[in-house]
Amino acid sequence: MMDKEVDQPPVKIQCLEGNIKKIISKTLDKDKMMSDLALSKMLYACSIPFAVVESKSFKNLIHILRPSFKPPSHKELAGPLLNAVYNEIDGLVC
Numbered sequence: 001m002m003d004k005e006v007d008q009p010p011v012k013i014q015c016l017e018g019n020i021k022k023i024i025s026k027t028l029d030k031d032k033m034m035s036d037l038a039l040s041k042m043l044y045a046c047s048i049p050f051a052v053v054e055s056k057s058f059k060n061l062i063h064i065l066r067p068s069f070k071p072p073s074h075k076e077l078a079g080p081l082l083n084a085v086y087n088e089i090d091g092l093v094c
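Residues 1 to 94, numbered by the UniProt record's numbering, are exactly what the sequence shown covers, in order.
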């Protein structure tokens with residue numbers, strides 16, 4: 001009696017590691033907004049200049065932590081994100 005596994009040709013296993021990493025680390029819009037707000041709140045609370053997000057060191061850190069994440073620009077930090085955080089805090093105070 002022959003074993004069925006012996007009669008079957010070997011199955012090719014395609015290496016999907018690179019594709020899986022891209023799929024797993026893909027930043028969703030909701031996650032992006034939450035990440036941007038958390039980052040902006042930290043920068044505001046610690047009085048860190050907005051230009052830090054443009055620095056090579058910061059970009060390298062972000063790339064190591066999550067390669068697909070694109071941090072907000074200093075203009076986004078000084079504009080829409082600052083307004084969003086202000087409105088959030090203003091809503092808590094009033």
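Glycine included, each C-beta is placed from N, C-alpha and C at the ideal position.
Model, not experiment: these values are computed from the prediction.
Handout entry: Per-residue DSSP class, three states only, for residue 79
Key = Translated into positions along the sequence shown, residue 79 becomes position 79. In this structure, residue 79 counts as coil in the three-state DSSP scheme.
Problem - Cβ-based burial, residue 80 [other Cβ within 10 Å; buried from 16] - result: Within the sequence shown, residue 80 is the residue found at index 80, counting from 1. Per the 10 Å Cβ criterion, exposed.
Practice task
Note down the Cα distance separating residue 78 from residue 72, rounded to an integer number of angstroms.
Solution key: Start at 1 with the first residue of the sequence shown, and residue 78 comes out as number 78. Start at 1 with the first residue of the sequence shown, and residue 72 comes out as number 72. Looking at the two C-alpha atoms, the distance is approximately 10 Å.
Practice task
Go ahead and label residue 61 buried or exposed: buried means 16 or more other beta carbons lie within 10 angstroms of its beta carbon, across all protein chains shown.
Solution key: One-based indexing of the sequence shown puts residue 61 at position 61. That one is exposed.
Practice task
Please name the residue, chosen from 49, 91, 53 and 47, that lies closest to residue 36 on a Cα-to-Cα basis.
Solution key: Numbered from its first residue, the sequence shown carries residue 36 at position 36. Residue nearest to residue 36 within the set 49, 91, 53 and 47 is 53 (criterion: CA-CA distance).
Practice task
Would you mind sorting residue 43 into buried or exposed? The rule is 16 or more other CB atoms within 10 Å of its CB.
Solution key: The residue you call residue 43 lines up with position 43 of the sequence shown. Buried.
Problem - Where residue 35 sits in the DSSP three-state scheme - result: Translated into positions along the sequence shown, residue 35 becomes position 35. Correct three-state label for residue 35: helix.
Exercise for the section: Please classify residue 47: is it buried, with 16 or more other beta-carbons within 10 angstroms of its beta-carbon, or exposed? Expected result: If you number the sequence shown from 1, residue 47 lands on position 47. Exposed, since its Cβ has fewer than 16 Cβ neighbours within 10 Å.
Problem - Cβ pair residue 92, residue 40 closer than 9 Å - result: Walking along the sequence shown from the start, residue 92 turns up at place 92. Walking along the sequence shown from the start, residue 40 turns up at place 40. Going by beta carbons, residue 92 and residue 40 fall outside the 9 Å limit.
Problem - Where residue 70 falls: helix, strand or coil (DSSP) - result: The residue labelled residue 70 in the question sits at position 70 within the sequence shown. Annotated three-state conformation of residue 70 is coil, per DSSP.
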